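Notes for the one structure printed next.
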């Protein structure tokens, strides 16, 4: 038996919960359900359990615009973020709409009925068919089943414990152990101080090349003080606006004056290390924001390194041995535990195969319209957050745009919308921008592509996107609207298409 719904949301992480909250408020007449493969809400914040898991964006901008994060903490641990999402579910009465342990297998759009037929495997392993007018992809951009794992030479020779952070063993005891963490990204720089504080004997961060790392305060003292003299709402709004401006300002400086920003970042690291650690380990050979800028709270990584409780090696792996890792420099790193913090495997739509009238869709051959809808695919939106700011900033404005679009369609009697693409617009860069990070490079054959002009360009600029998505008209040459009934009529009466705010 088929299940009918207006809107099917794929994923109950930050994107899915945020979108559902906006729909419940702004499109109350639309029915929607949420499909979630895991046993709980949270997405990333339910999956990752490694020591120290936390945000790397400030929480004043990481929180939703409808539910302020009113704590003085700049960053937040994974459990706190998951609890925050659970609060949104409760406050917006979303729990009854979430179908846990349900996995989307495939989806086919019928251009005659203007409906998606979605095959879903339920908790009992049986296949169900859901029919929806709209499908909203809120699954993030990585494979939950398997992180990126390079093939290390002679890896099987290692007699100790080998772990990928994406699948951290429950109650794993590493006290007194020698640990080598392979990687230098956000996960690695979080794990090093966390595992030292958790009782590891010694932790070594092994990197092929350095990463730009900035220290941020763990407590926002300015916000904390403002709350004493202003209302909490006003203090929050001012803090959020300041942090959005700072995020954009730092990124803009990286684009316009990369040498200056590099000098500022490296001088700050040099001050933190106080001559105890060689700066070569923190001096990348690329410019700031060619890869993502990482942050550490209160310089915790630098403090641990200064004290000698952890160390960093910049080298290449020659091979694994029974007792650790042999480096190409000739040095051997002894290890009881090796953690491969080597990144993510990129995946779109949770691995679902989508098709139109039975013809498979290759998302890498499509673009995003206004960073939200997929070119030449009807009634589908894809939520991909910012790479240079808080993910949630994009979720909020994309959700508001989608709600405005749905209301426009309802008022004008349309049941299909398609952003008509132009092959001449297609570029090689993906919507993730021009970053050179490994996971970005691996996204080339999966991610939608950038376009050359206007609404096909994904700017990764929150302020510009907010203005665009709040004011953009739906009456352009790209959006094509259709209806199974006579187009432009509602209840038999002709209506003039108009902007719905």
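Residue numbers (my numbering): 57 to 557. The beta-carbon is built from N, C-alpha and C at its ideal position, and this holds for glycine as well. Keep in mind that this is a model prediction, so the values were computed, not measured.
Which runs of the alpha helix (DSSP H), 4 residues or longer, sit entirely within the segment 221–273? 242–253
Identity of the residues DSSP links to residue 90 by a beta bridge: 65, 154
From what residue to what residue does the beta strand (DSSP E) around residue 163 run? 159–166
Is residue 133 helix, strand or coil when you go by DSSP? strand
Simplified DSSP assignment, three categories, for residue 477: coil
Hey, would you say residue 395 sits closer than 8 Å to residue 534, going by beta carbons? no
Figure out for me which residue from 111, 196, 386, 188 has the closest Cα to the Cα of residue 502. 196
Taking the CB atoms as reference points, tell me whether residue 213 and residue 150 lie closer together than 8 Å. no
Leaving out five residues on either side along the sequence, give the residues of the same chain with a beta carbon under 6 Å from the beta carbon of residue 59. 186
Using beta-carbon positions only, say whether residue 483 and residue 507 come within less than 8 Å of one another. yes
Check this for me: beta carbons of residue 88 and residue 398, under 8 Å apart or not? no
I'd like the span of the beta strand (DSSP E) that includes residue 350, first residue to last. 350–353
Quick check on the burial criterion: 16 or more other C-beta atoms within 10 angstroms. Buried or exposed for residue 265? exposed
First through last residue of the beta strand (DSSP E) which encompasses residue 183: 183–193
Quick one: Cα of residue 516 to Cα of residue 386, how far? 43 Å
Status (buried if at least 16 other CB within 10 Å, exposed otherwise) for residue 467: exposed
Mind pulling the beta strand (DSSP E) runs of 3 or more residues that sit fully within the segment 382–449? 388–390, 393–396, 409–412, 436–438
Looking at residue 391: is its Cβ nearer than 8 Å to the Cβ of residue 381? yes
Does the distance from the CB of residue 321 to the CB of residue 279 come in under 8 Å? no
Just tell me which of 142, 342, 500, 256 has its CA closest to the CA of residue 101. 142
Find out if the Cβ-Cβ distance for the pair residue 74, residue 138 is shorter than 8 Å. no
When the Cα atoms are used, what is the spatial distance from residue 578 to residue 209? Because the chain spans 57 through 557 in this model, residue 578 falls outside it and cannot be assessed.
To which residues of the same chain is residue 259 closer than 6 Å at the C-beta, ignoring the five residues directly before and after it? 235, 248, 251, 252, 366
Per DSSP, which one or two residues make a beta bridge with residue 60? 187
Look at residue 444 and residue 303 and say whether their C-beta atoms are less than 8 Å apart. yes
Identify whether residue 329 lies in helix, strand or coil by the three-state DSSP scheme. helix
My guess is that residue 498 and residue 402 are in contact by the Cβ rule of under 8 Å, so how many angstroms apart are they, rounded? 5 Å
In this structure, does DSSP put residue 306 in helix, strand or coil? helix
Would you say the segment 407–418 touches the segment 162–172, given that touching needs at least three Cβ pairs under 8 Å? yes
Using C-beta distances below 8 Å, list every residue in its chain close to residue 355, excluding the 5 sequence neighbours before and after it, in chain order. 271, 328
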